[in-house]
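Residue numbers (the working numbering): 135 to 680. Below is one structure, written out as structure tokens, with a few remarks after it.
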């Protein structure tokens, strides 16, 4: 069991709303965390080994158990004290995912006179990214992979000294075997080198249109609306539409390419926007190998992504309120009112909403949102897939698997992640399977999930356990990482990034660069800070150094 540092929450987080104990991994170097504060808290009273707190979220299946709720350092153990709420805040931030955490920390540290409330519906931090402890292993239930070419998240890893704990996923780093499930259902072994060459060859043709190559179509992927934005005229296409315009591919080459692009959004190529795939490709350095390196190889050890979320929260100076969902945001000339499911009315001069795109329709905004933003919300993003971690009995070499989206596979892709680390039990291999949209929707139906895994991925698999978070049926996410269909970028991106009166909207779902990634979440959180400071104007006072 890991060792934790426990410090009283009123000292560690300066929160006047909750009195709670906040665990921080000692292995993330407590000294660094303390030294990163401009006004460090008191030294800890005790250092002890205690079990992790538990969130209500997540699910674990073994042949003998079905467990709802998993241990995680992301869980917040609090004693709610509603009488400690201020009558009004300068800023209320809705959502304690990475967007909200970054906005809360940066606002509180640069403008310490601001009163800030961080409001969260869940019982934990991290949003669609959190690290569970499953059978002694650190398992990323949502967002996981990072890269030094993701500038926003990597700068945060360096800030807290966490970049030293990067590790790799075996099946994406250097797979010894690669599998492909055809439209007819046959699973075949694919030559790794020849497959990579075919992907690059097809990609170069797909992402070169009317004589413009990918870099000319989208020269500034972190600033995509900057002119020239030649990609706009092709935004109505899906990836399949673009492939239909081309000739000279073998059917198998096209199917293999489509299956790899389907990993961008858990959907067949006919549902994924051409420009959405183009953005991934350009961010990957105009290389499919680059895409998968930057999006799926490197992850954080020694506490996982939750260690980063915890470090950011520990630097926040303000109030927190968890287990509180929002139903309405109203605003007038001088302020805004946030109404919660418990009937509370929380007042603020400005609001930062980090509510995901697919959930914004559940909140009433007064005055109403613009017709374009309402259309974007009604359309939503398309990614309704599943992410399931499987513990296999036998230890296996690295492997990677994709499936034709035009067939009946429940899994879009899967790969071996790591071998077990608990020496007291047989090691085995942990792998991750991602479901196509609309598949594997009942996390508790182990018979169906295991049968489909053996049929679609590994027929000989002996599964000892699986763990998952049902993101699609989760009312606070309604999907996994954002992926847009045809037309989304040109119609909605600019509007989604605009403030609505005193409400600033910020989410990885409409990030410029790494949309749907933690990097995109941090990008939007930092942008929200600038926007809300403009709204507050002269009331913010002098800046302090970050």
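Don't be surprised by glycine CBs; every beta carbon is placed ideally from N, CA and C.
Would you check if the distance between the CB atom of residue 572 and the CB atom of residue 545 is smaller than 7 Å? no
When the Cα atoms are used, what is the spatial distance from residue 565 to residue 535? 11 Å
Would you tell me roughly how many angstroms separate the C-alpha atoms of residue 297 and residue 378, rounded to the nearest one? 43 Å
Drop a sphere of 10 angstroms on the beta-carbon of residue 184, count the other beta-carbons inside from all chains shown, and report buried for 16 or more, exposed for fewer. exposed
Taking the alpha carbon of residue 577 as the point to measure from, which residue in 562, 608, 594 and 669 has its own alpha carbon closest? 608
Enumerated in chain order, which unbroken segments of the alpha helix (DSSP H) with a length of 4 residues or greater are wholly contained in the stretch 429–460? The qualifying runs are 438–448.
On a CA-only basis, which of 518, 323 and 438 is nearest residue 612? Give me that one, please. 518
Taking just the CA atoms, how far does residue 469 sit from residue 637? Rounded to the nearest angstrom, the two C-alpha atoms are 10 Å apart.
Measure the alpha-carbon distance for residue 631 versus residue 653 and round it to whole angstroms. 16 Å
Considering only their Cβ atoms, is the gap separating residue 189 from residue 207 smaller than 7 Å? no
Can you tell me where the alpha helix (DSSP H) holding residue 624 begins and where it ends? 622–630
Is residue 543 buried or exposed, if buried means 16 or more other CB atoms sit within 10 Å of its CB? It counts as buried.
Would you grab the beta carbon distance between residue 643 and residue 616 for me? Rounded to a whole angstrom, and I think it's under 8 Å. About 4 Å separates the two Cβ atoms, so the contact holds.
So for residue 533, helix, strand or coil by DSSP? strand
By the three-class DSSP mapping on this structure, what secondary structure does residue 336 have? helix
Ordered list of alpha helix (DSSP H) runs contained in the stretch 204–271, each at least 4 residues: 232–244
Decide if the stretch 588–598 is in contact with the stretch 496–508; the criterion is three or more beta carbon pairs, one per stretch, under 8 Å apart. no
Would residue 538 pass as a contact of residue 289 if the rule is Cβ separation under 7 Å? no
Compute the Euclidean distance between the alpha carbons of residue 625 and residue 201, then round it to the nearest angstrom. 43 Å
Residue 450 and residue 242 closer than 7 Å at C-beta: yes
Unbroken beta strand (DSSP E) runs of length 3 or more, entirely within the stretch 291–335: which are they? 300–302, 311–315 and 321–324
Residue interval of the beta strand (DSSP E) (run including residue 484): Following the DSSP letters along the chain, one finds residue 484 inside the beta strand (DSSP E) bounded by residues 479–487.
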